[in-house]
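Going by our numbering, the first residue of the sequence shown is number 88, and it counts up by one from there.
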Amino acid sequence: MITDTAKAIEATKQLVAAVPFLGGSSSESDYREAIELVDYLIENDDENPLIDFLASKIADYEDNSPRFAEFNKAIAEMPVGVALLRTLIDQYRLSYSDLKEEIGSKSLVSQILSGQRSLTIMHIKALSARFGVKPEWFL
């Protein structure tokens, strides 16, 4: 048991040396390297437990870093459906015109994202079908 504990401690030290972000580093470069590592692991070794460790550290960093304070405040004040739509647009690298079938014109998409208009039930159903997410996630 002592030997296993010593091995675990040594392995942890080596892991933190290789990935300083896991050890609590808050440098921008270590943060970016952690994101790149997660991206790599998801593409090449999606069962690797390191993904969960890093994702947790990254989320904590993004929730607490002053660098993200303004963004986090804006997201918190944004309706859930709009926040989800913005995330989907970013993740899928879409333009407003790419949502013509689900929402309509670019100006309508812009109005929804700016809070001037709301998503309708028809928009929500169409977006749910396109992205394979539950309709209630937009509510």
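All residues carry an ideal CB built from backbone N, CA and C; glycine is no exception.
Every value quoted in this text rests on a predicted model; they were computed, and no experiment measured them.
Note to self: Classify F155: buried if its beta carbon has 16 or more other beta carbons within 10 angstroms, exposed otherwise.
What the structure shows: Counting Cβ neighbours within 10 Å, F155 comes out exposed, since fewer than 16 surround it.
Note to self: Whether or not the region 100-111 and the region 136-147 are in contact is what I'm after, with contact meaning three or more pairs of Cβ atoms, one per stretch, closer than 8 Å; do they touch?
What the structure shows: With contact defined as three or more Cβ pairs closer than 8 Å, the region 136-147 and the region 100-111 are in contact.
Notebook entry, point to check: What's the gap between the Cα of K212 and the Cα of L141?
Noted result: Going from the Cα of K212 to the Cα of L141 covers about 34 Å.
Notebook entry, point to check: Is the region 175-192 close to the region 205-221, with three or more CB pairs under 8 Å?
Noted result: Verdict: yes, contact present.
Next item on the list: State yes or no: is the C-beta of Y183 within less than 8 Å of the C-beta of V196?
Entry: Cβ distance < 8 Å, so Y183 and V196 count as in contact.
Margin query: Using CA atoms only, rank isn't needed, just tell me which of I96, E130, E223, S152 is closest to L171.
Written below: Cα-wise, what sits closest to L171 is E223.
Check: From what residue to what residue does the alpha helix (DSSP H) around V169 run?
Finding: Here the alpha helix (DSSP H) through V169 covers 167-178.
Next item on the list: Give every residue of the same chain whose Cβ lies closer than 8 Å to the Cβ of S113, excluding the five residues on either side of it in the sequence, and list them in chain order.
Entry: Same-chain partners within the cutoff: Y148, S152.
Checklist line | Limits of the unbroken alpha helix (DSSP H) element including F140 | finding: It spans 137-151 - the alpha helix (DSSP H) in which F140 sits, taken as one unbroken run.
Item checked: CA-to-CA distance, K100 to S201, given in whole angstroms -> One alpha carbon belongs to S201, the other to K100, and they sit about 47 Å apart.
Note to self: Quick check on the burial criterion: 16 or more other C-beta atoms within 10 angstroms. Buried or exposed for K227?
What the structure shows: Given a span of 88 to 226 for the chain in the structure shown, any question on residue 227 remains unanswerable.
Notebook entry, point to check: Ends of the alpha helix (DSSP H) at D126?
Noted result: Note, D126: alpha helix (DSSP H), 115-131.
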